[in-house]
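Numbering follows UniProt numbering, with no gaps: position 354 of the sequence shown is 354. Accompanying notes for the structure given below.
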Amino acid sequence: MTIDNSIQSIDTIIPNSEKHVQIDLKGKNLIITGGNGCGKTRFLKQIHENVSAQVEQMTHKTAKQIRQDIEYRKSWIESTTPTDSNYHAWKREITEFELQLEDIDKCCVTLGNVETYCTNFNERKALLRFFPAVREQSLAHTGSNDSLARLKQDDEHNSLSQDSSSQFERYLVAFYNYGSHLLARENDKSKGAKVDAWFANVENQLQYLFEDESLKLHYNAEEQSFYIKQDGKDPYKFDQLSSGYQSILSIYADLLMKVELKDVSAEELSGVVFIDEIDAHLHVSLQRKIFSFFDKAFPKVQFIVTTHSPFVVQSVDNSVIYDLSANEQLEDLSMYSYESILKGLLGVESKSSILDGLVEELAAQIEVKEHDWDTISDLIRRIKPNKRNLDRHSRNVLMQAEILVMDSRPTIQIRQAVEGLTTSTLTKGISRSLIHKVNQDLALLK
Numbered sequence: 001m002t003i004d005n006s007i008q009s010i011d012t013i014i015p016n017s018e019k020h021v022q023i024d025l026k027g028k029n030l031i032i033t034g035g036n037g038c039g040k041t042r043f044l045k046q047i048h049e050n051v052s053a054q055v056e057q058m059t060h061k062t063a064k065q066i067r068q069d070i071e072y073r074k075s076w077i078e079s080t081t082p083t084d085s086n087y088h089a090w091k092r093e094i095t096e097f098e099l100q101l102e103d104i105d106k107c108c109v110t111l112g113n114v115e116t117y118c119t120n121f122n123e124r125k126a127l128l129r130f131f132p133a134v135r136e137q138s139l140a141h142t143g144s145n146d147s148l149a150r151l152k153q154d155d156e157h158n159s160l161s162q163d164s165s166s167q168f169e170r171y172l173v174a175f176y177n178y179g180s181h182l183l184a185r186e187n188d189k190s191k192g193a194k195v196d197a198w199f200a201n202v203e204n205q206l207q208y209l210f211e212d213e214s215l216k217l218h219y220n221a222e223e224q225s226f227y228i229k230q231d232g233k234d235p236y237k238f239d240q241l242s243s244g245y246q247s248i249l250s251i252y253a254d255l256l257m258k259v260e261l262k263d264v265s266a267e268e269l270s271g272v273v274f275i276d277e278i279d280a281h282l283h284v285s286l287q288r289k290i291f292s293f294f295d296k297a298f299p300k301v302q303f304i305v306t307t308h309s310p311f312v313v314q315s316v317d318n319s320v321i322y323d324l325s326a327n328e329q330l331e332d333l334s335m336y337s338y339e340s341i342l343k344g345l346l347g348v349e350s351k352s353s354i355l356d357g358l359v360e361e362l363a364a365q366i367e368v369k370e371h372d373w374d375t376i377s378d379l380i381r382r383i384k385p386n387k388r389n390l391d392r393h394s395r396n397v398l399m400q401a402e403i404l405v406m407d408s409r410p411t412i413q414i415r416q417a418v419e420g421l422t423t424s425t426l427t428k429g430i431s432r433s434l435i436h437k438v439n440q441d442l443a444l445l446k
């Protein structure tokens with residue numbers, strides 16, 4: 001983390017409330033959690049607006065500077081009379097400065113070094129971004145491809161706060177063609193190796209996110225577009241991803257383009273990024289990975305996020321966690337169970353919430369065309385012991401999954417998925433018994 005380009009502390013009163021929040025960050029990432037209606041989004045926007053005023057708009061003054069301005073004008077007023085043409089203007093300015101002091105008392109965000117952050121921001125070496133809970137997903141290929149030089153030239157006029165995710169695939173195509181030219185035309189193996197290493201790094205990050213080491217980025221030369229290839233699946237484009245993956249990759253692509261189009265490495269990019277509801281639209285498996293995914297990809301960026309997910313809260317050990325409902329600062333909950341976090345921090349019963357998440361994931365898994373049998377079997381195994389706690393809809397989802405497995409897999413795999421039996425105990429008799437049991441369960445739902 002670059003200390004100069006990060007938030008060190010927050011001291012504020014949340015808008016439209018009497019809630020006083022004090023957070024000591026020292027440049028660390030911040031995860032804001034709490035119950036519905038506690039003001040997480042308002043708080044996040046308030047902090048972003050304050051930092052934006054200091055860095056992007058450069059209209060922010062410190063309390064010390066404002067007091068100096070007030071004293072300066074008071075000294076002028078004392079040395080003149082109301083007949084002076086500037087007298088009343090100075091009085092109005094004093095009133096305005098006093099109101100600014102009140103605003104600072106309500107919201108004070110201390111940066112490591114405002115001057116350095118402003119300089120780095122203007123030189124496009126540091127960024128400031130806010131991603132709302134409802135995020136535009138602009139990964140679709142525009143159909144036009146340009147040279148690497150043209151993309152960088154066009155981007156010179158874009159603000160660091162402007163969304164760049166729509167440039168992602170165009171950049172992939174341009175950079176791939178550039179690497180091919182280096183090898184085929186110029187025989188520059190050194191630069192060509194750097195291009196290959198860059199693509200390998202992006203693939204590694206996507207493999208981590210997708211939990212699939214077989215994932216590859218495949219270039220279609222005829223279409224001049226990229227496909228994602230995974231073992232056992234048909235190749236697909238970025239705009240064919242689920243809403244959850246598109247939500248993540250639109251942020252990833254935007255931040256990656258911020259560095260690549262400005263010749264700054266992802267490892268060196270610094271600044272503050274705000275993400276509201278980082279867990280929005282994500283299955284449980286992605287909620288566990290999303291925060292660490294961004295933190296590893298952009299290690300010097302400070303992430304300030306809100307979340308409802310105990311899996312996000314539990315997934316990190318180097319961040320500050322602030323419970324807005326209880327006005328309490330916490331650090332490192334990675335050693336706590338999901339159940340403890342749900343009940344103690346988020347104030348909800350763990351079993352029903354976790355089960356809901358698992359059932360939602362199972363419902364999504366049985367809807368897709370290419371079924372991940374290992375994932376479906378694992379979800380059935382985890383949900384079934386808590387069958388008594390399921391509502392009618394959730395029990396129906398479980399039964400559909402069991403029938404789907406039964407109809408689509410060999411008998412031995414059906415037993416292992418549904419009953420968890422060992423191979424030595426599988427017999428035709430048990431098979432009939434199992435089918436009879438599932439039919440009984442289905443009858444209960446009618």
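In this text, a Cβ means the ideal position worked out from N, Cα and C, and glycines have one as well.
>> On the DSSP letters alone, give me the boundaries of the alpha helix (DSSP H) that residue 393 sits inside.
In response: For the purposes of this step, residue 393 is taken as residue 393 along the sequence shown, with counting starting at 1. Note, residue 393: alpha helix (DSSP H), 392 to 408.
>> Please report the straight-line C-alpha distance between residue 191 and residue 303, rounded to a whole angstrom.
In response: Within the sequence shown, residue 191 is the residue found at index 191, counting from 1. Within the sequence shown, residue 303 is the residue found at index 303, counting from 1. C-alpha separation (whole angstroms): 32 Å.
>> Nearest by alpha-carbon distance to residue 295: which of 284, 188, 268 is it?
In response: Taking the sequence shown and counting its residues from 1, one reaches residue 295 at position 295. It is 268 whose Cα lies nearest to the Cα of residue 295.
> Which of helix, strand or coil does DSSP assign to residue 162?
Replying inline: Taking the first residue of the sequence shown as 1, we reach residue 162 at position 162. Assignment of residue 162 by DSSP, reduced to helix, strand and coil, places it in the coil class.
> Of the choices 189, 213, 160, whose alpha-carbon is the least far from that of residue 200?
Replying inline: Sequence index remark: in the sequence shown, residue 200 carries index 200 (1-based). It is 213 whose Cα lies nearest to the Cα of residue 200.
> What residue from 209, 175, 207, 205 has the CA that sits closest to residue 196's CA?
Replying inline: Position 196 of the sequence shown, counting from 1, holds the residue named residue 196. Of 209, 175, 207, 205, the residue nearest in Cα terms is 175.
>> Whole angstroms are fine: how far does the CA of residue 96 sit from the CA of residue 66?
In response: Taking the first residue of the sequence shown as 1, we reach residue 66 at position 66. Taking the first residue of the sequence shown as 1, we reach residue 96 at position 96. Rounded to whole angstroms, residue 66 to residue 96 spans 10 Å at the Cα level.
>> I believe residue 319 touches residue 28 by the beta-carbon criterion, under 8 Å. Please report the beta-carbon distance rounded to the nearest angstrom.
In response: For the purposes of this step, residue 319 is identified with residue 319 of the sequence shown, where counting begins at 1. For the purposes of this step, residue 28 is identified with residue 28 of the sequence shown, where counting begins at 1. That pair is a contact at about 6 Å.
> So which of 321, 98, 239, 215 has the shortest CA-CA distance to residue 229?
Replying inline: As a first step, residue 229 must be located in the sequence shown, where it is residue number 229. Residue 215 is the option with its Cα nearest to residue 229.
> On the three-state DSSP scale, how would you describe residue 220?
Replying inline: Stepping through the sequence shown from its first residue, residue 220 is reached at position 220. In this structure, residue 220 counts as strand in the three-state DSSP scheme.
>> With H, G and I counted as helix, E and B as strand and the rest as coil, what does DSSP make of residue 20?
In response: The residue given as residue 20 occupies position 20 in the sequence shown. In this structure, residue 20 counts as strand in the three-state DSSP scheme.
> Quick one: is residue 368 buried, meaning 16 or more other Cβ sit within 10 Å of its Cβ, or exposed?
Replying inline: Within the sequence shown, the letter at position 368 stands for residue 368. Exposed, by the Cβ-count rule.
>> What does the Cβ neighbour count give for residue 429, buried or exposed, with the cut at 16 atoms within 10 Å?
In response: Stepping through the sequence shown from its first residue, residue 429 is reached at position 429. Interpretation of residue 429 is limited by its pLDDT of 44, a score under 50 that renders its predicted location unreliable; the figure taken from the coordinates is listed afterwards. Classification for residue 429: exposed.
>> Could you check whether residue 118 and residue 55 sit closer than 8 Å to each other, using their CB atoms as the reference points?
In response: On the sequence shown, position 55 is the one that residue 55 refers to. On the sequence shown, position 118 is the one that residue 118 refers to. Their beta carbons are under 8 Å apart, which means residue 55 touches residue 118 by this criterion.
>> Using 8 Å as the threshold, is the C-beta distance between residue 305 and residue 278 below it?
In response: On the sequence shown, position 305 is the one that residue 305 refers to. On the sequence shown, position 278 is the one that residue 278 refers to. Yes, Cβ-Cβ distance for residue 305 and residue 278 is below 8 Å.
> Going by other Cβ atoms of all chains shown within 10 Å of its Cβ, with 16 needed for buried, is residue 283 buried or exposed?
Replying inline: Taking the first residue of the sequence shown as position 1, residue 283 is located at position 283. With a 10 Å radius around the Cβ and a threshold of 16 neighbouring Cβ atoms, residue 283 comes out buried.
>> With the cut-off set at 8 Å, would you say residue 301 and residue 273 are in Cβ contact?
In response: What you label residue 301 is simply residue 301 of the sequence shown in a count that begins at 1. What you label residue 273 is simply residue 273 of the sequence shown in a count that begins at 1. Yes, they are a contact pair.
> What residues are listed by DSSP as bridge partners for residue 129?
Replying inline: Against the sequence shown, residue 129 aligns to sequence position 129. Residue pairing by DSSP places residue 129 opposite 273 in a beta bridge.
>> Measuring straight from C-alpha to C-alpha, what distance separates residue 243 and residue 261?
In response: Residue numbering aside, residue 243 sits at position 243 when the sequence shown is read from its first letter. Residue numbering aside, residue 261 sits at position 261 when the sequence shown is read from its first letter. Spanning the two alpha carbons is a distance of roughly 26 Å.
> How close, in whole Å, do the beta carbons of residue 128 and residue 161 come, if the pair is a contact with beta carbons under 8 Å?
Replying inline: The residue labelled residue 128 in the question sits at position 128 within the sequence shown. The residue labelled residue 161 in the question sits at position 161 within the sequence shown. Contact holds; Cβ gap of about 6 Å.
> Do residue 155 and residue 170 have their CB atoms nearer than 8 Å?
Replying inline: As a working mapping, residue 155 is identified with position 155 in the sequence shown. As a working mapping, residue 170 is identified with position 170 in the sequence shown. Not in contact: residue 155 and residue 170 (Cβ atoms no closer than 8 Å).
> Under the three-state reduction of DSSP, which class applies to residue 201: helix, strand or coil?
Replying inline: As a first step, residue 201 is located in the sequence shown; it is residue number 201 there, counting from the start. Of the three classes helix, strand and coil, the one that applies to residue 201 here is helix, per DSSP.
>> Here's the rule I'm using: 16 or more other beta-carbon atoms within 10 Å means buried, otherwise exposed. How should residue 149 be labelled?
In response: Position 149 of the sequence shown, counted from the first residue, corresponds to residue 149. So residue 149 ends up on the exposed side.
> Roughly how many angstroms lie between the CA atoms of residue 309 and residue 92, to the nearest whole one?
Replying inline: The residue labelled residue 309 in the question sits at position 309 within the sequence shown. The residue labelled residue 92 in the question sits at position 92 within the sequence shown. Between the alpha carbons of residue 309 and residue 92 lies a distance of about 48 Å.
> When burial is assigned at 16 or more other CB atoms within 10 Å of the CB, is residue 392 buried or exposed?
Replying inline: Here residue 392 refers to the residue found at position 392 of the sequence shown. The residue in question, residue 392, is exposed, as its Cβ has fewer than 16 Cβ neighbours within 10 Å.
> Rounded to whole angstroms, how far is the Cβ of residue 180 from the Cβ of residue 257, which I believe are closer than 8 Å?
Replying inline: Counting from 1 along the sequence shown, the entry for residue 180 is found at position 180. Counting from 1 along the sequence shown, the entry for residue 257 is found at position 257. Contact flag wrong, Cβ pair sits at about 21 Å.
>> Taking the alpha carbon of residue 359 as the reference point, which residue from 113, 397, 69 has its own alpha carbon closest?
In response: By one-based count along the sequence shown, residue 359 stands at place 359. For residue 359, the nearest C-alpha among the options comes from 397.
> Going by the CB atoms, is the gap between residue 139 and residue 225 shorter than 8 Å?
Replying inline: On the sequence shown, residue 225 is found 225 positions in, with the first residue counted as 1. On the sequence shown, residue 139 is found 139 positions in, with the first residue counted as 1. It is not a contact, given that the beta carbons lie outside the stated cut-off.
>> Using the Cβ count rule (16 or more neighbours within 10 Å means buried), how would you classify residue 99?
In response: As a working note, residue 99 is residue 99 in the sequence shown. With fewer than 16 Cβ atoms within 10 Å of its Cβ, residue 99 is classed as exposed.
> Relative to the alpha-carbon of residue 37, which residue among 324, 80, 21 has its alpha-carbon at the smallest distance?
Replying inline: The residue you call residue 37 lines up with position 37 of the sequence shown. Nearest option by C-alpha distance: 324.
>> Looking at residue 26: is its Cβ nearer than 8 Å to the Cβ of residue 8?
In response: Here residue 26 is taken as the residue at index 26 of the sequence shown, counted from 1. Here residue 8 is taken as the residue at index 8 of the sequence shown, counted from 1. A contact, by the Cβ cut-off of 8 Å.
>> Measuring straight from C-alpha to C-alpha, what distance separates residue 297 and residue 69?
In response: As a position in the sequence shown, residue 297 is number 297, starting the count at 1. As a position in the sequence shown, residue 69 is number 69, starting the count at 1. Their Cα atoms are separated by approximately 43 Å.
> Skipping 5 residues on each side, what residues in its chain have a beta carbon closer than 6 Å to that of residue 121?
Replying inline: Taking the sequence shown and counting its residues from 1, the one referred to as residue 121 is at position 121. Within the same chain, residue 121 has close Cβ partners 55.
> DSSP state of residue 424, grouped into three classes?
Replying inline: Here the question's residue 424 lines up with position 424 in the sequence shown. Since pLDDT at residue 424 reaches only 43, below the 50 mark, its modelled position is unreliable, and the value read off the structure follows with that caveat. The answer is helix: DSSP assigns residue 424 an H, G or I state.
> My guess is that residue 16 and residue 109 are in contact by the Cβ rule of under 8 Å, so how many angstroms apart are they, rounded?
Replying inline: Position 16 of the sequence shown, counted from the start, is the residue given in the question as residue 16. Position 109 of the sequence shown, counted from the start, is the residue given in the question as residue 109. No, residue 16 and residue 109 are not in contact; Cβ-Cβ is about 18 Å, not under 8 Å.
>> Between the alpha carbons of residue 246 and residue 254, how many angstroms are there, rounded?
In response: Within the sequence shown, residue 246 is the residue found at index 246, counting from 1. Within the sequence shown, residue 254 is the residue found at index 254, counting from 1. Distance between the alpha carbons of residue 246 and residue 254: 12 Å.
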